[in-house]
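Each residue of the sequence shown is one higher than the one before, counting from 1 in full-length UniProt numbering.
Read through the structure below, which is laid out as structure tokens, and then see the notes.
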Amino acid sequence: MTLIERYIFRVAGMAFLATLGVLTAVIWLQQALHDLDLITSKSQSIIKFLTITGMWIPSLVMVIAPIALFIAVLFSLNKLNSDSELVVTAASGLSPLGLLRPYALLIVLVSGFCALVSLWIMPASFVLMRDAWVEVRSDFLTKIVRPGQFNSLESGLVFHYRDRGPGGELLGVFMLDRRDPGQANVYLAENGIVTKIDGKSYIVLQTGTIQKQEKGAIPAMVTFDSYALDLSSFGPKALMGPLKPRERSTRELLNYDITDPYTRDNEGRFRADLHERFVSPLYAMAMGLIGFAALGSPRTTRQTRGLALASATVAAVALRVGGFGVAGALVRGPEAVIFAYALPILGMVAAGLYAFRYALIPLFRPSRLVPAEAR
Numbered sequence: 001m002t003l004i005e006r007y008i009f010r011v012a013g014m015a016f017l018a019t020l021g022v023l024t025a026v027i028w029l030q031q032a033l034h035d036l037d038l039i040t041s042k043s044q045s046i047i048k049f050l051t052i053t054g055m056w057i058p059s060l061v062m063v064i065a066p067i068a069l070f071i072a073v074l075f076s077l078n079k080l081n082s083d084s085e086l087v088v089t090a091a092s093g094l095s096p097l098g099l100l101r102p103y104a105l106l107i108v109l110v111s112g113f114c115a116l117v118s119l120w121i122m123p124a125s126f127v128l129m130r131d132a133w134v135e136v137r138s139d140f141l142t143k144i145v146r147p148g149q150f151n152s153l154e155s156g157l158v159f160h161y162r163d164r165g166p167g168g169e170l171l172g173v174f175m176l177d178r179r180d181p182g183q184a185n186v187y188l189a190e191n192g193i194v195t196k197i198d199g200k201s202y203i204v205l206q207t208g209t210i211q212k213q214e215k216g217a218i219p220a221m222v223t224f225d226s227y228a229l230d231l232s233s234f235g236p237k238a239l240m241g242p243l244k245p246r247e248r249s250t251r252e253l254l255n256y257d258i259t260d261p262y263t264r265d266n267e268g269r270f271r272a273d274l275h276e277r278f279v280s281p282l283y284a285m286a287m288g289l290i291g292f293a294a295l296g297s298p299r300t301t302r303q304t305r306g307l308a309l310a311s312a313t314v315a316a317v318a319l320r321v322g323g324f325g326v327a328g329a330l331v332r333g334p335e336a337v338i339f340a341y342a343l344p345i346l347g348m349v350a351a352g353l354y355a356f357r358y359a360l361i362p363l364f365r366p367s368r369l370v371p372a373e374a375r
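Okay, here's the thing in structure tokens:
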């Protein structure tokens, strides 16, 4: 790249990083406030709090990065135009294609970054978040909960034990599970121990009973010698049960087992999540090109810049809202797959044609033949 192209790339790149950092921090802070009880009521360290809430960042970046790129391209081009640098570079011979070169490099880098996040980093972060929540539950039962007290692990779930034995054994365990409005389960056991089985955390109850009461049905009682409860089932509802589509690797989504009951019941979500991971980088490209198409040519009045900014913003918002609509349609049926990819590609093509309209117009004009006698 030439000196001026490196300068433009540096201005746009710094604007992208600043915008991405600010927007991510603001939205992450709002999300982190919902998990503040990790410190206040579950007595977790600030490191554990930052670890769990930090796992939201990749999913935020996947959505925010295309928007940050759009803002960065508009900001840098508007700055260059306001300082008359676009006019000077155009007068010195820098073609529209030469001006696009540093922005194209930035767009490709951001799109690659979005692909890396959506295909690998984001699903891995959700798995780590799930494991971290299980550890919080395990720590809460073994280290935080005091003997003789009734503790609410979450709404509708109460845990109590009489005393603590050697090796961390819990004596006289009582647990009431009323999270399901139509069913209440009471667990009573002489003792219990928190342990790991096949890499998962369980509380293993010894010698006790389970009393099940379904709404409108006769209570039932089951006795057991040993009963293991998966602690992940005591986490937030979003982290309970089988791995959600967003928590599965891209390879698993490409080869999901339709015979599995959970997969069969949520096939639409598996399909939507898979295609969203591949479509996300395309939106970064489309957003960047829309911003370049709006302000990529020198302008001399604030009115024309203001109209171009407004038009680009409307186009970008319409494109992203349309993308969210298509994502919802993907859940309902596979017919929307083609639209999921066509929408950002059409946005890229339309932005490219508009950005180089002045160079393309002569190609569609009929050539004028000059009579020989007029030469």
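Each residue gets a CB set at the ideal place from its N, CA and C atoms; glycine is no exception.
On a predicted model such as this, the values are computed, not experimentally measured, just so you know.
Tell me, please, which residues DSSP counts as bridged to Glu-214. On the sequence shown, residue 214 is found 214 positions in, with the first residue counted as 1. Glu-214 is bridged to Gln-183.
Buried/exposed call for Leu-295, threshold 16 Cβ in 10 Å: Taking the first residue of the sequence shown as position 1, residue 295 is located at position 295. Taking all protein chains in view, the Cβ of Leu-295 is crowded by 16 or more other Cβ atoms within 10 Å, so the residue is classified as buried.
Can you pull the DSSP bridge partners for Ala-220? Locating residue 220 in the sequence shown gives position 220, where the first residue counts as 1. In the DSSP assignment, Ala-220 forms a beta bridge with Lys-212.
Have a look at Pro-242 and Trp-56 and give me their C-alpha separation to the nearest angstrom. Counting from 1 along the sequence shown, the entry for residue 242 is found at position 242. Counting from 1 along the sequence shown, the entry for residue 56 is found at position 56. Near 19 Å, if we compare the C-alpha coordinates of Trp-56 and Pro-242.
Can you give me the C-alpha to C-alpha distance between Ala-351 and Ile-46, rounded to a whole angstrom? Taking the sequence shown and counting its residues from 1, one reaches residue 351 at position 351. Taking the sequence shown and counting its residues from 1, one reaches residue 46 at position 46. In this model, Ala-351 and Ile-46 are separated by some 46 Å (Cα to Cα).
Distance check for Pro-102 and Ile-71, CA to CA, integer angstroms please. Position 71 of the sequence shown, counting from 1, holds the residue named residue 71. Position 102 of the sequence shown, counting from 1, holds the residue named residue 102. Between Ile-71 and Pro-102, the C-alpha separation is close to 16 Å.
Span of the alpha helix (DSSP H) holding Val-61? Sequence index remark: in the sequence shown, residue 61 carries index 61 (1-based). Start and end: 57-82.
Could you give the distance in angstroms between the alpha-carbon of Gln-213 and the alpha-carbon of Leu-319? As a working note, residue 213 is residue 213 in the sequence shown. As a working note, residue 319 is residue 319 in the sequence shown. Just so you know, the alpha carbons of Gln-213 and Leu-319 end up roughly 51 Å apart.
Once DSSP output is grouped into helix, strand and coil, what is the label at Glu-247? In the sequence shown, residue 247 corresponds to position 247, counting from 1. Three-state DSSP puts Glu-247 in a helix.
Under the DSSP definition of a beta bridge, which residues are partnered with His-275? The residue you call residue 275 lines up with position 275 of the sequence shown. According to DSSP, which records beta bridges pairwise, His-275 is partnered with nothing at all.
Secondary structure at Gly-172, three-state DSSP: helix, strand or coil? Within the sequence shown, the letter at position 172 stands for residue 172. Gly-172: strand per DSSP, three-state reduction.
What whole-angstrom Cβ distance do Ile-8 and Leu-69 have, given they're in contact under 8 Å? As a first step, residue 8 must be located in the sequence shown, where it is residue number 8. As a first step, residue 69 must be located in the sequence shown, where it is residue number 69. Rounded, the Cβ-Cβ distance is 14 Å, inconsistent with contact.
Where the beta strand (DSSP E) through Tyr-161 begins and ends: The sequence position of residue 161 within the sequence shown is 161, counting from 1. Start and end: 157-164.
Measuring only the C-alpha atoms, how far is Gly-93 from Leu-86? Counting from one through the sequence shown, the residue named residue 93 turns up at place 93. Counting from one through the sequence shown, the residue named residue 86 turns up at place 86. Between the alpha carbons of Gly-93 and Leu-86 lies a gap of roughly 11 Å.
As a quick exercise: from Asn-191, Ser-152 and His-275, pick the residue whose alpha carbon is nearest that of Arg-178. In the sequence shown, counting from the first residue as 1, residue 178 sits at position 178. Of the candidates Asn-191, Ser-152 and His-275, the one whose C-alpha sits nearest the C-alpha of Arg-178 is Ser-152.
For Gln-206, which beta-bridge partners are listed by DSSP? Looking up residue 206 in the sequence shown gives position 206. DSSP, once it has assigned bridges, lists Asn-191 and Ser-226 as partnering Gln-206.
Is the distance from the Cβ of residue 378 to the Cβ of Ala-132 below 7 Å? Outside the modelled stretch of the chain, which goes from 1 to 375, sits residue 378, for which no answer is possible.
Suppose the cutoff is 7 Å on Cβ atoms and the five residues either side in sequence are ignored; what does the same chain contact list for Ala-315 look like? If you number the sequence shown from 1, residue 315 lands on position 315. Closer than 7 Å at the Cβ level, and outside the excluded window around Ala-315, lie Ile-290.
Excluding five sequence neighbours on each side, which residues of the same chain lie with their C-beta closer than 7 Å to the C-beta of Thr-263? Here residue 263 refers to the residue found at position 263 of the sequence shown. Cβ within range, chain order: Tyr-256, Asp-257 and Phe-270.
Any contact of the stretch 243-253 with the stretch 210-228, i.e. 3+ C-beta pairs under 8 Å? Between the stretch 243-253 and the stretch 210-228, the count of Cβ pairs shorter than 8 Å is below three; the stretches do not touch.
Among Lys-79, Leu-346 and Ser-59, nearest to Met-14 - alpha-carbon criterion: Along the sequence shown, one-based indexing puts residue 14 at 14. Answer by Cα proximity: Lys-79.
For Leu-106, report the span of its alpha helix (DSSP H) as first-last. Taking the sequence shown and counting its residues from 1, one reaches residue 106 at position 106. Note, Leu-106: alpha helix (DSSP H), 96-116.
Considering Cα atoms alone, identify which of Asp-163, His-34 and Phe-75 is closest to Pro-147. The residue labelled residue 147 in the question sits at position 147 within the sequence shown. For Pro-147, the nearest C-alpha among the options comes from Asp-163.
Using the rule of at least 16 other Cβ atoms within 10 Å of the residue's Cβ for burial, across every protein chain shown, is Phe-16 buried or exposed? As a working note, residue 16 is residue 16 in the sequence shown. So Phe-16 ends up on the buried side.
Assuming the contact rule is C-beta atoms closer than 8 Å, Leu-157 and Phe-174 should be a hit. Round their C-beta distance to whole Å, please. By 1-based counting over the sequence shown, the position of residue 157 is 157. By 1-based counting over the sequence shown, the position of residue 174 is 174. The C-beta distance from Leu-157 to Phe-174 rounds to 12 Å, too long to fall under 8 Å, and the pair is not in contact.
Per-residue DSSP class, three states only, for Ser-152: Along the sequence shown, one-based indexing puts residue 152 at 152. Ser-152: strand per DSSP, three-state reduction.
Here's the rule: buried if 16 or more other CB atoms are within 10 angstroms of the residue's CB, otherwise exposed. What is Phe-75? The count along the sequence shown starts at 1 and reaches residue 75 at position 75. By the neighbour-count rule (16 or more Cβ atoms within 10 Å), Phe-75 is buried.
So, for Leu-119: in the same chain, excluding its five sequence neighbours on each side, which residues have a beta-carbon less than 6 Å away from its beta-carbon? Numbered from 1 along the sequence shown, position 119 holds the residue referred to as residue 119. For Leu-119, where only same-chain residues beyond five positions count, the Cβ hits under 6 Å are Thr-250 and Arg-277.
As assigned by DSSP and simplified to three states, the class of Asp-257: Residue 257 sits at position 257 when you count from the first residue of the sequence shown. It is coil, neither helix nor strand.
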